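Data first, discussion second: the structure below is written as structure tokens.
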Amino acid sequence: MYSIYADMGGDFSQDIIDKINIIPMDIIVDKETILNTDDFKNLSREEFLEILKNKDMSTSMINSFTFKEYFKKSLEEEKDILYICLSSGLSGQYLQAKIAADELLKDFPQRKIEVVDSLAATAGLTILAEHALKNRDKEIPIEKNAEILREKAKFLKHIFIVDDLFHLQRGGRLSVTAALVGTAIKIKPILRVDAEGKLTVKEKTRGIKNAYKKLKETYFEDRNLNSKELFISQCANEEGAQILKEMILEKDPDVKIEIIEMTPIISIHTGQGLLTTIYEGSEPN
């Protein structure tokens, strides 16, 4: 049996949390560092949303020293490690994890450490963690499990609606002029995670109804018909998530839809009102 690790760049059910090791990540508010853990004991979701309304926040990647501290626990128990990492296109911690793995294997040459670049965030990591656990239960070797996950990562779809254009502007993804004009004429940018795991603008629509319609259309155009699992991840937009869920179920009642609250690690960079569909696609990104 090998240990499975992930990080707070994902959104995980309690069932998954009980079965894998989730490495916390730092949130920075007014130069104060808060450790964001899977139990949210240092910063509740309610407290986070209140701060997000009123203050600038940022995140800090996990460094190689921290990875070594967490990974060492499993290695000392003579367990190999499979780590599913937040997309390398969104954070530098994939490289930090690889550095940590290389250094640890010098001290534990008999062990194996597989670092998987998820090319994903939020529920994309959830989907990979679910597959990783199923594969481990089937006694699939760690190297093969990692290979399967890397291939599945290429097909994960993340399609975002962003409500606050000025949040994107502060993050450098839009100019001030574009944010001003877009807000005035009610432009709703639709973003996606691309083949390199980076957040990019897919297209732009006018009005929230058209944006929801586009999310629905995109899902039915490129979903994997062998998978009926769809996550709708939201940040302070439960109402919108329910509307989108009903729109999708109206066309296909058999879709298994789970609405989840997006991890603060991603919400910080996209702002409140965000809505995301996450699922396995029929074609690679």
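Residues 12 to 296 (my numbering) are what the sequence shown spells out, left to right.
We put the beta carbon where it would ideally sit given N, CA and C, even for glycine.
All values derive from a computational prediction rather than experimental measurement.
Own chain, CB closer than 8 Å to residue i, minus 5 neighbours either side, in chain order
i, result
"Lys109", "Val126"
"Lys83", "Leu115"
Residue i and residue j closer than 7 Å at C-beta
i, j, result
"Phe242", "Ile276", "no"
"Lys199", "Ile172", "yes"
"Asp265", "Lys239", "yes"
"Thr70", "Ile259", "no"
"Ala157", "Ser244", "no"
"Tyr105", "Asp128", "yes"
"Asn235", "Ser293", "yes"
"Glu207", "Gly100", "yes"
"Ser75", "Ala17", "no"
"Leu167", "Ala132", "no"
"Gly251", "Leu285", "no"
Contacting residues, own chain, Cβ-Cβ under 6 Å from residue i (five flanking each side not counted)
i, result
"Lys123", "Asp91 and Ile153"
"Ile27", "Ala140"
"Tyr230", "Thr288"
"Thr216", "Lys199, Ala222 and Lys225"
First through last residue of the beta strand (DSSP E) which encompasses residue i
i, result
"Thr241", "Going by the sequence as given, residue 241 is Leu instead of Thr. That run of the beta strand (DSSP E) goes Glu240 to Gln245."
"Glu125", "Ile124 to Asp128"
"Leu63", "Here Leu63 belongs to no beta strand (DSSP E); instead the alpha helix (DSSP H) covers Arg56 to Asn65."
"Tyr16", "Ser14 to Asp18"
"Met72", "Looking at the DSSP string, Met72 is not in any beta strand (DSSP E), and its letter there is neither H nor E."
Endpoints, alpha helix (DSSP H) assigned at residue i
i, result
"Tyr223", "Ile219 to Asp233"
"Ile277", "Pro275 to Thr281"
"Lys84", "Ser75 to Glu87"
"Leu260", "Glu249 to Lys262"
Close beta carbons around residue i, own chain, < 7 Å, minus the five adjacent residues each side
i, result
"Ile73", "Asp18, Ile34, Met36, Gln104 and Gln107"
Would you call the segment 159-169 in contact with the segment 138-145, where contact means no fewer than 3 C-beta pairs closer than 8 Å? At 8 Å Cβ cutoff, the stretches touch.
Is it a yes or a no for the segment 81-101 touching the segment 12-19, going by three-plus beta-carbon pairs under 8 Å? With a cut-off of 8 Å, the segment 12-19 and the segment 81-101 count as touching, because enough Cβ pairs lie within range.
Between the segment 20-29 and the segment 51-66, do three or more beta carbon pairs fall short of 8 Å? Under the Cβ criterion (8 Å, minimum of three pairs), the segment 20-29 does not count as touching the segment 51-66.
Unbroken stretches of the alpha helix (DSSP H), 4 residues or longer, contained in the segment 133-174: Within the segment 133-174, the complete alpha helix (DSSP H) runs of at least 4 residues are 134-148 and 153-164.
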